[in-house]
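First comes the structure, then the notes that go with it.
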Amino acid sequence: MATLVEIYFRVLGTKDKFSDAEKCEEYIEQRRNAVEYVIDVKLKSNIAEEDVGGSRVYTLTKTQAPAYRILYLHGGAYINDASSYHWKLCDRLVQELNAEVIFPIYPLAPVHTYAETYELLETIYKDELVGSDIPVIFMGDSAGGGLAAAFCEYLSEIDLSQPEKLILFSPWLDISMSEPKAADYESSDPMLSAYGLTEMGKYWADDLSLDNYKVSPIFGNISCLQNVYLFVGTREIFYPDVTDFYGMLQELNINTEMVIGEGLNHVYPLYPIPEADDAFDQVCHIVIK
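Residue numbers (my numbering): 759 to 1047.
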């Protein structure tokens, strides 16, 4: 199934907008004129919507007394909307764990930048999560995973408490894609390429240097992080950065675990493959332990 998913992405041409300069530029301009986002999948969970500073924030619940509170930040190179795969994963987490999932539709590049999203997340965290009487967990995939890690570093800077756990699926940790070993994974990754990622990342970073921790958390003060759990595939361009990040956390004696999907692709826990079911079980175990 994992092989079929990879073939699907290659046939679909998913990587073209990241690897081809002309297509990348066209796609960025297309996203500049993106239509208003709508949820395109049916959910089992109860869903509530609120406006927070001009952004929509959804809350998914199963009961009125959830056991966990999860802030989920979706991926998409800081330029793409949340997909049905994100919603299905979050819906499943709500149902399996009796969790409350907070899912912000955060402002995206190229129209918006990191700064607006940090304001949104700070508001959500201060208003809804600080001082929670049940465990608070941050989750994110790809760009959302990088954002989750970076925002946790920012929480330390503004003297706010860390979430109990940080669970990241193939996090994008360096928008400059400066890790030389990443080039070794260009051909095997069916979805992403360093060129397009960096171009899209520049719009997100705006006035920041690409190695600023707010957009590239691997360069920040990671000593503030706690209980970090990483999932990554061996056939994705982020594999070297994620393994480096894991090693850095270990050197600081931070509680961390890394799950390596051998022969698997970017954000594999989100897709309809048997390995994703295994990853989901592992995530549930991480949350409740």
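Using N, Cα and C, we set each Cβ at its ideal position, and we do this for glycine too.
The shortest C-alpha to C-alpha distance from LYS972 to any of GLU922, SER936, MET759 and LEU931 is the one to LEU931. Out of GLY902, GLU1015, GLU937 and ARG768, the CA that lies nearest to the CA of VAL1025 is found in GLY902.
For the set LEU913, THR821, ALA867 and MET1006, the Cα lying nearest the Cα of GLU957 is the one of ALA867.
The Cβ neighbour count for THR761, taken over all protein chains shown within 10 Å, is under 16; the residue is labelled exposed.
One alpha carbon belongs to ASP1035, the other to PRO1027, and they sit about 7 Å apart. For ILE1044, the uninterrupted alpha helix (DSSP H) run begins and ends at 1032-1046, by DSSP.
Taking C-beta atoms as the reference points, CYS848 and TYR953 fail to come closer than 8 Å. Segment contact: the region 927-946 against the region 874-894, fewer than three CB-CB distances shorter than 8 Å; contact not assigned. With fewer than 16 other Cβ atoms from the protein chains shown falling within 10 Å of its own Cβ, LYS802 counts as exposed. For the pair of segments examined, the region 901-918 was found to touch the region 972-985: the number of CB pairs separated by less than 8 Å reaches three. Taking a C-beta distance under 8 Å as the contact criterion, PRO862 and GLY898 do not qualify as a contact pair.
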